[in-house]
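A.B. asks:
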Amino acid sequence: MRYSAQKGTRDILPSEIIAWHKAEETFSRVCHRFGYEEIRIPTFEQTDLFQRGVGDTTDVVQKEMYTFEDKGGRSISLRPEGTAGVVRSFIENGMGSLPSPVRLFYNITAFRYEKMQKGRFREFHQFGLEAFGAQGPDIDAEIISVLRVFFNEMGLKSIKLCINSIGCPTCRKAYNDSLRDYFRPHLEEMCYDCKSRFEKNPLRMIDCKVPECKVIAANAPKLIDHLCDDCKAHFEGLKERLDNIGIEYSIDPNIVRGLDYYTRTVFEFVSENVGSQGTICGGGRYDGLVESMGGTAVPGIGFAMGVERFMLEANSQGVDFGKTDYVKVYLANLSDKASMVINKLAYELRLKGVGCEVDLCQRSFRAQMKYAGKAGIPYVVVIGDDELDKGEVSIKRMSDGTSNTVALSNFVEYCMNEL
RNA sequence: GUGGGAUUAGUUCAGUUGGUUAGAGCGCUAGUUUGUGGCACUAGAUAUCGUGGGUUCGAGUCCCAUAUCCCACCCCA
7 MRYSAQKGTR DILPSEIIAW HKAEETFSRV CHRFGYEEIR IPTFEQTDLF
57 QRGVGDTTDV VQKEMYTFED KGGRSISLRP EGTAGVVRSF IENGMGSLPS
107 PVRLFYNITA FRYEKMQKGR FREFHQFGLE AFGAQGPDID AEIISVLRVF
157 FNEMGLKSIK LCINSIGCPT CRKAYNDSLR DYFRPHLEEM CYDCKSRFEK
207 NPLRMIDCKV PECKVIAANA PKLIDHLCDD CKAHFEGLKE RLDNIGIEYS
257 IDPNIVRGLD YYTRTVFEFV SENVGSQGTI CGGGRYDGLV ESMGGTAVPG
307 IGFAMGVERF MLEANSQGVD FGKTDYVKVY LANLSDKASM VINKLAYELR
357 LKGVGCEVDL CQRSFRAQMK YAGKAGIPYV VVIGDDELDK GEVSIKRMSD
407 GTSNTVALSN FVEYCMNEL
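If you count by the numbering used here, then the first sequence holds residues 7 to 425, one letter each, in order.
#1: Sorted by chain position, which residues of the same chain lie with C-beta nearer than 6 Å to Y255's C-beta, five sequence neighbours on each side aside?
#2: By Cβ distance, which residues of its chain are closer than 6 Å to E363, with the 5 residues on each side in sequence left out?
#3: For the 8 Å Cβ check, are there 3 or more pairs between the region 192 to 202 and the region 217 to 234?
#4: Can you check DSSP and say which residues form a bridge with Y112?
#5: Does the contact criterion of 3 or more C-beta pairs under 8 Å hold for the region 225 to 242 versus the region 174 to 186?
#6: Would you mind working out which of S184, D293, C287 sits nearest D266, comparing C-alpha positions?
#7: At the level of alpha carbons, what is the spacing between M7 and L19?
#8: May I ask which residues mark the beginning and end of the alpha helix (DSSP H) holding T64?
#9: How far does the beta strand (DSSP E) with Y385 in it extend, from its first residue to its last?
#10: Thinking S83 and Y72 are a contact (beta carbons under 8 Å), I'd like their distance in whole angstroms, please.
#11: Quick one: grab the DSSP three-state call for Q374.
#12: Just how far apart, CA to CA, sit K396 and E424?
#13: Nearest to V36 by CA position, among G134, Q123, I47, is which residue?
#14: Residues in its own chain within less than 6 Å of G14 by CB, not counting five upstream and five downstream?
#15: Which residues share a DSSP beta bridge with Q123?
#16: Quick one: what does DSSP say C197 is sitting in, helix, strand or coil?
#17: Distance check for I24 and T330, CA to CA, integer angstroms please.
#18: Can you list, in chain order, the stretches of the alpha helix (DSSP H) that have 4 or more residues and sit fully within the region 197 to 279?
#19: For T411, which residues of its own chain have a beta-carbon under 7 Å away from its beta-carbon, when the five flanking residues on both sides are left out?
#20: Quick check on the DSSP output: the alpha helix (DSSP H) that includes A344 runs from which residue to which?
#21: Given a cut-off of 8 Å, decide if G308 and A137 are closer than it, judged by their beta-carbon atoms.
#22: If you draw a straight line from the alpha carbon of S95 to that of M101, how long is it in whole angstroms?
#23: Run the CB neighbour count on H38, radius 10 Å, all protein chains shown included, and call it buried at 16 or more, exposed below.
#24: Report the residue from T269, K163, P143, F33 whose alpha carbon sits nearest the alpha carbon of E242.
#25: Does the beta-carbon of F157 have 16 or more other beta-carbons within 10 angstroms, so that it is buried, or is it exposed?
#26: Find out if the Cβ-Cβ distance for the pair Q132, A116 is shorter than 8 Å.
#27: For a minimum of 3 consecutive residues, which ranges assigned as the beta strand (DSSP E) are wholly contained in the region 12 to 97?
#28: Counting beta carbon pairs with one atom in the region 87 to 94 and one in the region 51 to 67, are three or more of them shorter than 8 Å?
#29: Taking the beta strand (DSSP E) that R403 falls in, what are its first and last residues?
#30: Just verifying my parser: in three-state terms, what is the DSSP assignment at P379?
#31: If you reduce the DSSP assignment to three classes, tell me which class G294 lands in.
#32: What residues match up with V412 in a beta bridge as DSSP calls it?
#33: How would you call N99, buried or exposed, if buried means at least 16 neighbouring beta carbons within 10 angstroms?
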């Protein structure tokens with residue numbers, strides 16, 4: 007045990023990969039069904055892209071990025087999320103001139119230098135999606151419904167949707183003023199951090215974890231009650247659309263996304279079972295982001311789902327991912343002569359698209375049967391000198407032990423059609 | 001960044017107040033009279049007991065350090 011996987015990284019072994027394929031395939035299928043197309047973006051970008059895109063003041067950028075200098079002296083960072091890179095690509099490739107909306111999805115790894123715990127890794131996977139150029143709440147409802155369809159297709163029940171609006175820069179400014187009015191009389195009783203937050207970012211005072219502050223903050227005005235008319239109309243529009251298509255949600259005024267770029271709609275899909283890492287998916291609108299990263303003013307919206315967390319939830323809900331059936335038939339040999347014929351047959355089967363296995367370990371016949379049984383291979387054909395003489399083989403179905411006799415000359419075709 | 005638990009075979013774990021060659025289940029390999037698997041039975045392989053120090057006649061067991069894993073807080077996906 008010389009080497010072990012680095013902290014926060016893990017191997018996804020063959021026993022798990024079935025579930026991953028199912029999830030990846032389902033996500034991509036559902037996205038395609040809505041008109042989204044896949045994009046693949048680089049694993050690293052220049053550090054500045056994330057500082058600007060994700061936000062200089064966020065925890066993610068301040069202390070969780072894998073940043074290093076390359077041999078040309080450039081500061082490079084492994085992507086901590088997908089949106090910044092997709093926005094960069096959108097601008098760089100002139101996608102603004104494509105018919106709106108431009109809808110993209112992705113399946114990426116991302117990297118955050120964090121202390122690990124359940125459902126949190128340093129290298130982790132995200133399914134994500136971004137849509138550019140749609141202003142109104144229809145697209146908000148659409149991306150939420152992408153997720154609902156995905157969960158439904160995967161057989162997941164009871165994933166709770168929480169929505170909120172965090173307004174636009176205009177209403178946030180007004181809201182900050184009313185927050186200061188509220189907190190000003192209580193400021194003396196509050197913690198050091200909150201006192202310093204008071205001027206800079208009173209929004210943060212709301213989710214302070216110090217018990218005394220919590221009591222005071224409980225009755226603070228909610229941003230959602232102080233939205234400007236446009237933002238309020240947008241939020242009402244979203245609720246109306248979700249109601250219309252029958253997607254349930256609850257409004258959680260405490261959802262404040264950790265990434266700076268969000269505006270208006272923010273939402274989360276939360277596990278109802280588990281607690282702390284229960285946020286399976288988070289997303290929202292980012293109307294100012296493209297412009298702030300050097301593009302034209304184009305509204306955007308997207309989400310990212312933590313695939314590891316999704317898997318955790320799927321497993322705890324007992325989702326059945328099925329099993330693979332790549333190998334259809336095992337060709338057991340009874341002699342060296344038969345083994346030669348078998349190798350030829352196996353090659354031909356594989357050329358024709360039938361998965362099969364043969365003995366590679368010089369095992370006894372009995373051991374070959376044991377192997378085929380343990381490997382879960384559904385059919386076994388035994389070939390020895392008798393079969394070669396008669397020109398006939400019998401194909402045994404392992405599930406019930408019954409067998410069929412087939413002419414050797416017809417064997418490949420039989421496998422292609424019947425197994 | 002703060003706090004808690006753990007580390008013994010491929011894996012899950014046992015290991016008494018410190019005392020001889022460190023155990024079990026599962027898995028793996030082979031076999032149970034030579035041509036039909038899953039069950040059962042028999043045999044076998046595999047451990048520098050996380051690493052480095054220390055105490056002791058003697059350490060898997062006690063002490064110190066360190067690494068790693070797991071979990072919670074914070075934050076997030």
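A virtual CB, placed ideally from N, CA and C, is assigned to each residue, including glycine.
C.D. replies: Taking the definition as stated:
#1: L167, I169, L248
#2: V333, Y336
#3: yes
#4: G134
#5: yes
#6: D293
#7: Reliability of the predicted coordinates at M7 is poor, the pLDDT of 49 falling under 50, and the value obtained from them is presented with this limitation in mind. The straight-line gap from Cα to Cα measures roughly 18 Å.
#8: T64 -> no alpha helix (DSSP H), and no H or E assigned at all.
#9: 385 to 389
#10: 6 Å
#11: helix
#12: Spanning the two alpha carbons is a distance of roughly 22 Å.
#13: G134
#14: M122, F127, R128
#15: R126
#16: coil
#17: Taking the straight line from one Cα to the other gives about 7 Å.
#18: Fully enclosed alpha helix (DSSP H) runs of 4 or longer: 198 to 206, 217 to 223, 235 to 251.
#19: E398, S400
#20: 342 to 357
#21: yes
#22: 8 Å
#23: Classification for H38: exposed.
#24: Nearest of T269, K163, P143, F33 to E242, Cα basis: P143.
#25: buried
#26: yes
#27: 50 to 52, 73 to 75, 81 to 84
#28: yes
#29: 398 to 403
#30: A quick correction: the sequence has Gly, not Pro, at residue 379. Reduced to three states, the DSSP call for G379 is helix.
#31: coil
#32: V399.
#33: exposed
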